[in-house]
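*Asks:*
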Amino acid sequence: MGNVHGDTSQAAHHMIRRQSRMDLAGLAKEEQWARYNEKELTLLDRMFQDLVKRSPDKNMSKEVFLDYFNLPGILGERLFDVFDTKKDGVINFDEFVTGLARYNRGTVEDKIDMLFEMYGLDGQEFITKEELGMVLFSLVTPTTSIFYSDSSTRTVDGTPVQWSKQNFFF
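Residue numbers (the UniProt record's numbering): 1 to 170.
Next up, the structure:
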C-alpha cells in the first residue's frame, strides 16, 4: 500500500506488527501511520522521545503536550483530549503519531471529525451554539473562566442552534 508522501512506510508496518494483536483499531492506526514515510516516522520518534524526557514517565504528560502545541484557550486542552484516545491522561507514541497523522495529513473528513471532537464539549455528534461560543470566547480571554463570565452569557444566548457533521460544509 503506497501513500501520497512517498513509498509505503515499512517502519509503520513494522511498528504495527510489534503489537500483540491486530484488531480494527490496529488497522485504523496502520492507515494513519502509512501517511508518514520511514524517515518521517524516525523523526517523529525522536521528537516524541525528546518530549518524553520532559515528562515524569515514559509517556508525554499533558503539561508537556500543552507547552509543545501552545494553543490558546481551551483548544490545547481539547486537542490533548482528542490525542489521548486511551483516556489515561498521557500520550503514548501510538496516540502521538495517530493524532498528528489526523491533524497534519488527514482527509477533510478526518479534520472535520477532529474539530467536532474538539469543539463538542459533551462528546455528542453535534456542536451547540453554547459549546462553540465557549470555545471562541476562550480564545479571546484565555485566562478568564468561560463558564461563569457574564459576557459569556451575553454572547451565547442559549438559542438551540446546532452544527452537525452532516450539515458542515466548506
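Where is the CB? At the ideal position from N, CA and C, for every residue including glycine.
Bear in mind that the values here come from a model prediction, so they are computed numbers and not experimental data.
1. Within 10 Å of its beta-carbon, does M47 have 16 or more other beta-carbons around it, so buried, or fewer, so exposed?
2. Can you find the residues in the same chain that come closer than 6 Å, C-beta to C-beta, to F83, ignoring five residues on each side of it along the sequence?
3. Excluding the 5 residues preceding and the 5 following F93 in the sequence, name in chain order all residues of the same chain whose CB lies nearer than 6 Å to its CB.
4. For I91, which residues does DSSP report across the bridge?
5. Report the rounded CA-to-CA distance for T74 versus M118, giving the unit in angstroms.
6. Residues in the same chain with beta-carbon distance under 6 Å from K62, minus the five sequence neighbours each way, listed in chain order, please.
7. Please return the same chain residues whose Cβ sits closer than 6 Å to the Cβ of R54, not counting the five positions on each side in sequence.
8. Suppose you measure from the CA of R109 to the CA of R102; what does that come to, to the nearest Å?
9. Over what stretch of residues does the alpha helix (DSSP H) that includes I127 continue unbroken?
10. Can you give the Cα-Cα distance for F69 and R78, rounded to whole angstroms?
11. In whole angstroms, give me the CA-to-CA distance for E38 and L132.
12. Compute the Euclidean distance between the alpha carbons of Q124 and T42, then round it to the nearest angstrom.
13. In whole angstroms, give me the CA-to-CA distance for G106 and R35.
14. Within the continuous alpha helix (DSSP H) that includes R112, where are the two ends?
15. Measure from the alpha carbon of E40 to the alpha carbon of each residue in D113, G89, V97 and D122, then state which is nearest.
16. What is the DSSP secondary structure of K86, counted as helix, strand or coil?
*Replies:* Well, looking at it:
1. As a working note, residue 47 is residue 47 in the sequence shown. Label assigned to M47: exposed.
2. Numbered from 1 along the sequence shown, position 83 holds the residue referred to as residue 83. Once the five neighbours on either side are set aside, the close Cβ partners of F83 are I91, E95 and G99.
3. In the sequence shown, the residue the question calls residue 93 occupies position 93. The residues are F48.
4. Indexing the sequence shown from 1 puts residue 91 at position 91. Looking at the DSSP assignment, I91 forms a beta bridge with M60.
5. By 1-based counting over the sequence shown, the position of residue 74 is 74. By 1-based counting over the sequence shown, the position of residue 118 is 118. As written in the sequence, residue 74 is Ile, which differs from the Thr given in the question. Distance between the alpha carbons of I74 and M118 is about 9 Å.
6. Start at 1 with the first residue of the sequence shown, and residue 62 comes out as number 62. Counting only Cβ-Cβ distances below 6 Å, and skipping sequence neighbours, we find F80.
7. On the sequence shown, position 54 is the one that residue 54 refers to. Counting only Cβ-Cβ distances below 6 Å, and skipping sequence neighbours, we find V64.
8. The residue given as residue 109 occupies position 109 in the sequence shown. The residue given as residue 102 occupies position 102 in the sequence shown. For the sequence presented, residue 109 should be read as Glu rather than Arg. Straight-line Cα distance between these residues: approximately 10 Å.
9. If you number the sequence shown from 1, residue 127 lands on position 127. Element bounds for I127: not the alpha helix (DSSP H) but the beta strand (DSSP E), F126 to T128.
10. Numbered from 1 along the sequence shown, position 69 holds the residue referred to as residue 69. Numbered from 1 along the sequence shown, position 78 holds the residue referred to as residue 78. Looking at the two C-alpha atoms, the distance is approximately 12 Å.
11. What you label residue 38 is simply residue 38 of the sequence shown in a count that begins at 1. What you label residue 132 is simply residue 132 of the sequence shown in a count that begins at 1. C-alpha separation (whole angstroms): 38 Å.
12. The count along the sequence shown starts at 1 and reaches residue 124 at position 124. The count along the sequence shown starts at 1 and reaches residue 42 at position 42. Going by the C-alpha atoms only, they are around 36 Å apart.
13. Counting from one through the sequence shown, the residue named residue 106 turns up at place 106. Counting from one through the sequence shown, the residue named residue 35 turns up at place 35. Going from the Cα of G106 to the Cα of R35 covers about 8 Å.
14. Here residue 112 corresponds to residue number 112 of the sequence shown, with the count starting at 1. This sequence places Ile at residue 112; Arg is not what is there. Start and end: V108 to Y119.
15. As a first step, residue 40 is located in the sequence shown; it is residue number 40 there, counting from the start. It is V97 whose Cα lies nearest to the Cα of E40.
16. Along the sequence shown, one-based indexing puts residue 86 at 86. Residue state, collapsed to three classes: coil.
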